[in-house]
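Let me begin by presenting the structure, written as structure tokens, before commenting on it.
2 protein chains.
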Amino acid sequence: MKPTVDHVECKNCSTRFQSVFCKTENDRITEIDAEKICSSFKKGETIFKEGSYASGVYCINAGKIKLSMLGDEGKEQIVRLAKPGDIIGYKALLSGDRYSATATTLDDCNVCFIPREIFMRILQKDAAISFEMMKILSNELRNAEEKITHLAQKPVRERVAETILFLKETYGLDAEKNINIALTREEIANLVGTATETTIRLLSEFNKEKIIELAGKKIKIINLPKLIKTANIYD
Amino acid sequence: MKPTVDHVECKNCSTRFQSVFCKTENDRITEIDAEKICSSFKKGETIFKEGSYASGVYCINAGKIKLSMLGDEGKEQIVRLAKPGDIIGYKALLSGDRYSATATTLDDCNVCFIPREIFMRILQKDAAISFEMMKILSNELRNAEEKITHLAQKPVRERVAETILFLKETYGLDAEKNINIALTREEIANLVGTATETTIRLLSEFNKEKIIELAGKKIKIINLPKLIKTANIYD
DNA sequence: AGTCAAATATGACGAATATCATGTTTTAGG
DNA sequence: CCTAAAACATGATATTCGTCATATTTGACT
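Residue numbers (our numbering), protein chains in the order written: chain P, 8 to 242; chain R, 8 to 242.
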């Protein structure tokens, strides 16, 4: 466990109303506040590992995190990207199992650890939080099923385009209109579910076709309609 | 909506203790019983359609059901198989969205419809049921993420073998030791995420290699260790 | 500033798997 | 029992995509 850092008060947390605690009353928030442990992680650090026992959930205050599983041949598959306001590690806690994925920071991060017993006690007492959790889980599940369908049916080129759109939706744009996340080509490949070389080639193609603009890990969308068309999505 | 049929009482339901209501007290069960609507569907009928509004959840009393999404080119992807004791349609209800999948019976089925308000009211009042729901959702999500990883990383041959094992786990064996579900080759393909012809070929290969025995839609596993090895799973 | 490792890039090649075509078998319905 | 449609089967071919090889560039750390 990381050493405690400057305690971020939930009630002042900028992500409070986008999080699972959005509907929660102030006294419950104070209760969480009293028992959580805030820590910080530097870019590239591991918060928890696939296969280890779950002792609580992490609420992200600042930074970006990838959740990945190892395939049979040791290849990483990124199954989720998390941002401030999201919580991670709840699946294992709720199913009473070990972590099914590894959480790695993509940024310097501040996260608040809520121990198992506290989280469970709150779910027991607070139907609104339980309901929000179910909503989150339902949405995640719908997204996962859609991803399964696309992985099974769409060609890689479309999936790469789709992933660029997904990254934009998830992390937004920075001041220069670049997608606000720096992933290696390998990480993008592990998100798309394809080989690294294939991803590199397709990104270069999109670049040549003036759909996106590349500068190192920075990606800027310069022809959104064409990108959407390339992704073959109409909703 | 189907006409009401013989009312199956929850408290006498054979699946009661495998279902989400396993931890529920009798008076709550009586409450559900009073308001639910039992109906029956013949093989091949649609219980609900992707894109339509969710008005409640269905609890399966008897029969087998597939949940499938349509891909962009109109191809079916089976995202879940349900059996007695399972509930379906909860995702849409919880996320407040429309059904993201279509539910089609694979058998003659008896299902109990629990209207939205009743289900919501019960979740509000009963923390144990809420908690069971979260458990179910968490497990589904873990399975979905594992499926994503395998779809992205494993060759079709392994996935077909894996799917046969999955079908056995889900529906068990009949009196003649056949896997207790009759799917068309196309449906198996839509579960695996591959072309129908490829599935046909691979099943024939497994047959020739004495891993399975085929008789129409009946599949019998005759060399389980080899099937597990072919699926390339070691857990 | 210099060095080394990691990341990016690109070509050549081959394997896996989708697609197309066509024929056979099974099944459901009258 | 007969017929049509659906499901199954199999071969030939096309194509996507992964793998391997090899540069080149970038970035992190003395």
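All residues carry an ideal CB built from backbone N, CA and C; glycine is no exception.
Source: prediction; values computed, not measured.
| Asked | Found |
| --- | --- |
| Three-state secondary structure assigned by DSSP to R:Cys-20 | coil |
| Contact between the region 111-130 of chain R and the region 44-62 of chain R (3+ Cβ pairs under 8 Å) | yes |
| Residues of the region 100-114 of chain P whose Cβ lies closer than 9 Å to any Cβ of chain R, in chain order | Leu-100, Leu-101, Ser-102, Gly-103, Asp-104, Ser-107 and Ala-108 |
| Residue of R:Ala-41, R:Ala-135 and R:Phe-213 minimising C-alpha distance to R:Thr-31 | R:Ala-135 |
| Own chain residues within Cβ distance below 8 Å of R:Asn-150, not counting five before or after | none |
| Members of the region 140-159 of chain P near chain R, C-beta cut-off 8 Å | Met-140, Met-141, Lys-142, Leu-144, Ser-145, Asn-146, Glu-147, Leu-148, Arg-149, Ala-151, Glu-152, Glu-153, Lys-154, Ile-155, Thr-156, His-157, Leu-158 and Ala-159 |
| Classification of R:Phe-24 by the beta-carbon crowding that lies within 10 angstroms, buried from 16 upward | exposed |
| Per-residue contacts from R:Val-86 into chain P (C-beta, under 8 Å) | Glu-152, Ile-155 and Thr-156 |
| Interface partners of P:Glu-80 on chain R, CB under 8 Å | Gln-160 |
| 8 Å contact criterion, which R:Ile-94 and R:Tyr-60 should meet: CB distance rounded | Between R:Tyr-60 and R:Ile-94 the Cβ distance is about 18 Å, and since that is not below 8 Å, they are no contact. |
| Cut-off 8 Å between Cβ atoms - residues of its own chain near R:Met-8, not counting five sequence neighbours on either side | Only weak support is given to the placement of R:Met-8: the predicted model assigns it a pLDDT of 49, under 50, and the value that follows is read from those uncertain coordinates. Ile-44, Ser-46 and Phe-120. |
| R:Met-141 versus R:Lys-98: straight-line alpha-carbon distance, rounded | 11 Å |
| Proximal residues of chain P, C-beta to C-beta of R:Ser-62 below 7 Å | Near R:Ser-62 there are no residues of chain P at all, since even the closest Cβ is about 16 Å away, more than 7 Å. |
| P:Ala-202 at chain R interface by Cβ criterion, 8 Å | no |
| Buried or exposed by the 16-neighbour rule on C-beta atoms within 10 Å, applied to R:Tyr-241 | exposed |
| Chain-order list of residues whose beta-carbon lies under 8 Å from that of P:Asn-19 (same chain, five-residue window excluded) | none |
| Residue from P:Arg-87, P:Glu-80 and P:Met-127 with nearest C-alpha to P:Ser-62 | P:Met-127 |
| Buried versus exposed call for P:Ala-110 [16 or more other C-beta atoms within 10 Å across all chains shown] | buried |
| Endpoints, the alpha helix (DSSP H) within which R:Arg-35 is located | 33-42 |
| Strand pairing of P:Glu-220, partner residues [DSSP] | P:Lys-227 |
| Minimum Cβ-Cβ distance from R:Gln-25 to chain P less than 8 Å | no |
| Any chain P beta carbon closer than 8 Å to R:Glu-209 | Strictly speaking, residue 209 of chain R in this sequence is Leu, with Glu absent from that position. Cβ-Cβ to chain P under 8 Å: no for R:Leu-209. |
| Delimiting residues of the alpha helix (DSSP H) encompassing R:Glu-210 | Note that residue 210 of chain R is Leu in the sequence shown here, rather than Glu. Here the alpha helix (DSSP H) through R:Leu-210 covers 203-215. |
| P:Lys-73, enclosing alpha helix (DSSP H) - first and last residue | Segment 72-77 is the beta strand (DSSP E) holding P:Lys-73; no alpha helix (DSSP H) there. |
| Three-state class that DSSP yields for R:Tyr-178 in the structure shown | helix |
| As assigned by DSSP and simplified to three states, the class of R:Leu-88 | strand |
| Simplified DSSP state of P:Ile-240, which is helix, strand or coil | coil |
| Sub-8 Å separation of P:Ser-75 and P:Asn-230 beta-carbons | no |
| Assigned secondary structure, P:Asn-146 (DSSP; H/G/I helix, E/B strand, else coil) | helix |
| P:Tyr-178 and P:Asn-187 closer than 8 Å at C-beta | yes |
| Closest Cα partner of R:Arg-87 within the set P:Glu-204, P:Leu-148 and P:Glu-139 | P:Leu-148 |
| Closest residue to R:Leu-130 among R:Asp-13, R:Arg-35, R:Ile-171 and R:Ala-222 (Cα-Cα distance) | R:Arg-35 |
| Limits of the unbroken beta strand (DSSP E) element including R:Leu-65 | Here residue 65 of chain R is Tyr; the residue named in the question, Leu, does not match the sequence. Its beta strand (DSSP E) spans residues 63-69. |
| Unbroken beta strand (DSSP E) run spanning P:Asn-117, endpoints | 116-122 |
| Residue of R:Glu-193, R:Leu-190, R:Ile-171 and R:Ala-182 minimising C-alpha distance to R:Asn-214 | R:Ile-171 |
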